[in-house]
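To start, the structure under review is shown below, and the notes come after it.
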Amino acid sequence: MYVYDEFDRTFLQERVAEFRDQVARRLSGELNEEEFKPLRLMNGVYLQLHAYMLRVCIPYGTLSSQQLRALGAVARKYDRGYGHFTTRQNIQFNWIKLNELPDAMADLAKVGIHGLQTSGNCIRNTTTDPWAGAAADEVEDPRLYAEVIRQWSTLHPEFTYLPRKFKIAITAAKHDRAAIRVHDIGLRLHKRDGETGFEVMVGGGLGRSPFIGKTIKDFLPKEHLLSYLEAVLRTYNLGGRRDNIYKARIKIQVHEMGAEAFAKKVEAEWAEIRDGALKLDEAALDAIRDRFQIPDLEALDDQPAELASALATDDAFARWHANSVAPHKAKGHAIVTLSLKPVGAPPGDATADQMDAIADLADQYAYGEIRVAHEQNLTFPYVRQKDLPALWAKLKAIGVATPNVGLLTDIISCPGLDYCSLANTRSIPIAQKLTERFADEARIADIGRLHVNISGCINACGHHHVGHIGILGVEKKDEEFFQITLGGKGNSKARIGELIGPAVAESEIVDVVESLVDTYLNLRTSPAETFVAAVERLGIEPFKERAYAPR
Amino acid sequence: MTSPLQRKLKISGPTVVTANRLADGISVWLTATGGWSETIAQAAVGTTSDEVLRLLDIAHADEITAVGAYPAPAILAADGTPQPANLRERIRVTGPTISLPGAA
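Taken in sequence, the protein lines are chains W and H.
Taking numbering that gives the first Met the number 0, the leading residue of the first sequence gets 0, the next gets one more, and so forth.
Taking numbering that gives the first Met the number 0, the leading residue of the second sequence gets 0, the next gets one more, and so forth.
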């Protein structure tokens, strides 16, 4: 955990006081809506279909147990007893009243969290690998650099009014668990000749014009991270389109200019500033590194007797372990994913009671730390292997141990028309029906890795473009229809899914997904060939044929 | 020639004016007396462009009570009571179509 210093704490308190004054002036009529709207958005407050929605920033997806309890308390006191974890490692509360928002924010500020950088045309919360600091395959903990970016980007005076929102993601692992190639800037931390640096990708993004980010620098020495980011942002801020909201993201600028020409402009800008005040020295990095509290892990052996015994005697535990537990870089430890995708429930939601219970379990079994994953699940990054059987029983009791992580029912979904004022169709009911159709744990385990992503409109908050099966809601004459794409991937080999044909009716979508899955099961070379690998090998035709066959 | 300042609004049937209440964001509908109701049944109904523009003027003049006013198509029940005419508006009237987490 990064621990805020006095500067950060004071800043947050002042920010809450400022927002409290702004709300009071709005409620009194001193500010009109046109004046107030940008102010509330700068604090993460949206007005949705039925109520105000507060989006709370979880910097690089890292929460302490104390912070999770505070989120639960806000859910209980100001909302309707639950929150929704998002694909950008944030949490949303759907029912907060305007005049209670300042109190909710004050409660959150006490534990160092807020709604800054979750809305508006600024640099948003930097996201990263939920396994950061624990993953066996990472170069180093990327959260250090995510925090560096946070300190640089928060209220950056030059980048407060960008042409559009701007999202940065960073990974330091071989396996990309942060979907960096579909971000405005993706940073991949790696080593070259013993030196740490970044591959820099720009212009990725989803929405109505999906693009995979293009590498404009193979290796950026780490000391130049901020100056180079500043050069990219400056190039975008000056050259990005402001005449058309649909063409204002950096991905359009990069696409229209070409990555090479864009990179040249960045390099020219960077040459002017690279050795200036933004150059990171080791002392600056150490000062930030020192404020991270890293758990002092015990020296333990792998495969302790408690774990071996449970694996040998309890099939349900073994299934969960095979699905939801990942190797840790420290011997005798494990990374545990808590599925927020139980059968029949909205993906990514957690009740206040669950948040409290998870916080307690984090204290008891996971060094008090929780991560939020972009797949809308939670992670305990530091768990002793010997504690896994006991932890599993307690996670199961609170409904967060469904062994479906990475499987068909681990669905990423936007809130859709049940909440969102931009949506064309509902998303959550489709996810619920799919989880019910595929409720059999052995069946989804046999199907294997399969990412289903659902968006209720072209803005693609459910990242449907990079779902192995992507589902996009479209409205036709007040009826809900769903387009299907196949073969999308959000990882290091990211690609945009291919549309298989006309949209299908809401009443048919679950059957169609099932027929796609059955097609895969019939055609896979072996269970080792995943759904997306089969789509890549076969193309979409055999799937398309079955999807539209009469039933 | 139509002045660019002249407002246009295409109205094809019964229409109500709806917004979100400033204090808590919930859906509200403009009534015939210029107030706001939490139920669409009490909404004023316009059937022509002029009528709906007049309702919108009233709504926009009261942004201290409700924000983001817009015209929404309605259908009229046998007794003339307005009801929502599309899915979006039905959801705004009845709330999310799913059980909320933690609900009994």
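In this text, a Cβ means the ideal position worked out from N, Cα and C, and glycines have one as well.
* Asked: For the candidate residues 24/W, 439/W, 416/W, whose alpha-carbon lies nearest to that of residue 479/W?
  -> 416/W
* Asked: Can you name the residues of chain W whose CB is closer than 8 angstroms to the CB of residue 62/H?
  -> 31, 32
* **Proximity below 7 angstroms, CB of residue 434/W to CB of residue 343/W** => yes
* **Neighbour list for residue 101/H in chain W, Cβ cutoff strictly below 8 angstroms** => 79, 80, 81, 350, 351, 352
* Is there contact between the region 411 to 425 of chain W and the region 381 to 390 of chain W, where contact requires at least three CB pairs shorter than 8 angstroms? -> no
* residue 316/W beta carbon less than 7 angstroms from that of residue 309/W -> yes
* Asked: Are the beta-carbon atoms belonging to residue 44/W and residue 101/W less than 7 angstroms from one another?
  -> no
* **Contacts of residue 95/H in chain W (Cβ-Cβ under 7 angstroms)** => 417, 418
* Can you tell me the Cα-Cα spacing of residue 466/W and residue 486/W, whole angstroms? -> 7 angstroms
* To do: Step through the CB atoms of chain H and report whether any lies within less than 7 angstroms of the CB of residue 45/W.
  => no
* Would you say the region 288 to 300 of chain W touches the region 230 to 249 of chain W, given that touching needs at least three Cβ pairs under 8 angstroms? -> no
* To do: Assess, as a yes-or-no matter, whether the region 31 to 38 of chain W is touched by the region 53 to 72 of chain H under the definition of 3 or more beta carbon pairs within less than 8 angstroms.
  => Under the three-pair Cβ rule at 8 angstroms, the region 53 to 72 of chain H counts as touching the region 31 to 38 of chain W.
* Members of the region 467 to 479 of chain W that neighbour chain H once the beta carbon cut-off is set at 9 angstroms -> 474, 477, 478, 479
* To do: Closer than 9 angstroms, Cβ to Cβ, to anything on chain W: give me those residues from the region 57 to 91 of chain H, in chain order.
  => 62, 63, 66, 67, 84, 85, 86, 87, 90, 91
* Under the assumption that residue 373/W contacts residue 86/W (Cβ atoms under 8 angstroms), give the Cβ distance between them as a whole number of angstroms. => 5 angstroms
* **Of the listed residues 37/H, 8/H, 100/H, nearest to residue 84/W (C-alpha basis)** => 100/H
* Taking only beta-carbon positions, decide if residue 18/H is within less than 7 angstroms of chain B. => Given the protein chain composition of this structure (W and H), no chain B is represented.
* Does DSSP put residue 0/H in a helix, in a strand, or in coil? -> Caution applies to residue 0/H, whose pLDDT of 47 falls short of 50 and renders its modelled position unreliable; the value that the coordinates give is listed next. Of the three classes helix, strand and coil, the one that applies to residue 0/H here is coil, per DSSP.
* If you measure from the beta carbon of residue 504/W to each beta carbon in chain H, is any gap under 7 angstroms? -> no
* C-alpha gap between residue 41/W and residue 93/H, whole angstroms -> Those two C-alpha atoms are separated by around 30 angstroms.
* Listed by chain order, chain H residues near residue 59/W by CB distance under 8 angstroms -> The contacting residues do not exist; residue 59/W stays about 25 angstroms from chain H at best.
* **Reduced DSSP category for residue 216/W - H, G, I as helix; E, B as strand; rest coil** => strand
* To do: Name the residue from 238/W, 234/W, 285/W, 177/W whose alpha carbon lies nearest to the alpha carbon of residue 222/W.
  => Of 238/W, 234/W, 285/W, 177/W, the residue nearest in Cα terms is 285/W.
* Grouping DSSP H, G and I as helix and E and B as strand, with all else coil, what is residue 185/W? -> strand
* Using a Cβ cut-off of 8 angstroms, pull out every chain W residue sitting near residue 22/H, in sequence order please. => 26, 96, 97, 98
* Asked: In terms of residues, what are the limits of the alpha helix (DSSP H) holding residue 443/W?
  -> 440 to 446
* To do: Run the CB neighbour count on residue 179/W, radius 10 Å, all protein chains shown included, and call it buried at 16 or more, exposed below.
  => buried
* Asked: Do you know offhand how far residue 189/W's Cα is from residue 233/W's?
  -> 25 angstroms
* Note down the Cα distance separating residue 43/H from residue 49/H, rounded to an integer number of angstroms. => 14 angstroms
* At least one CB of chain H closer than 7 angstroms to the CB of residue 310/W: is that the case? -> Output row for residue 310/W: interface = no.
* To do: Could you run through the region 420 to 454 of chain W and flag, in chain order, every residue whose CB is less than 9 angstroms away from some CB of chain H?
  => 420, 422, 423, 424, 425, 427, 428, 431
* Determine the direct distance from the alpha carbon of residue 455/W to that of residue 499/W, and round the result to whole angstroms. => 18 angstroms
* Asked: Using 8 angstroms as the threshold, is the region 326 to 334 of chain W in touch with the region 67 to 80 of chain H, meaning 3 or more CB pairs across them?
  -> no
* Asked: What did DSSP end up calling residue 249/W once you bin it into helix, strand or coil?
  -> helix
* Looking at the C-beta of residue 50/W, does it have a partner C-beta in chain H at a distance below 7 angstroms? -> yes
* Taking C-alpha atoms, which residue in 74/W, 192/W, 265/W, 403/W lies nearest to residue 224/W? -> Of all alpha-carbon atoms in 74/W, 192/W, 265/W, 403/W, the one lying nearest the alpha-carbon of residue 224/W is that of 265/W.
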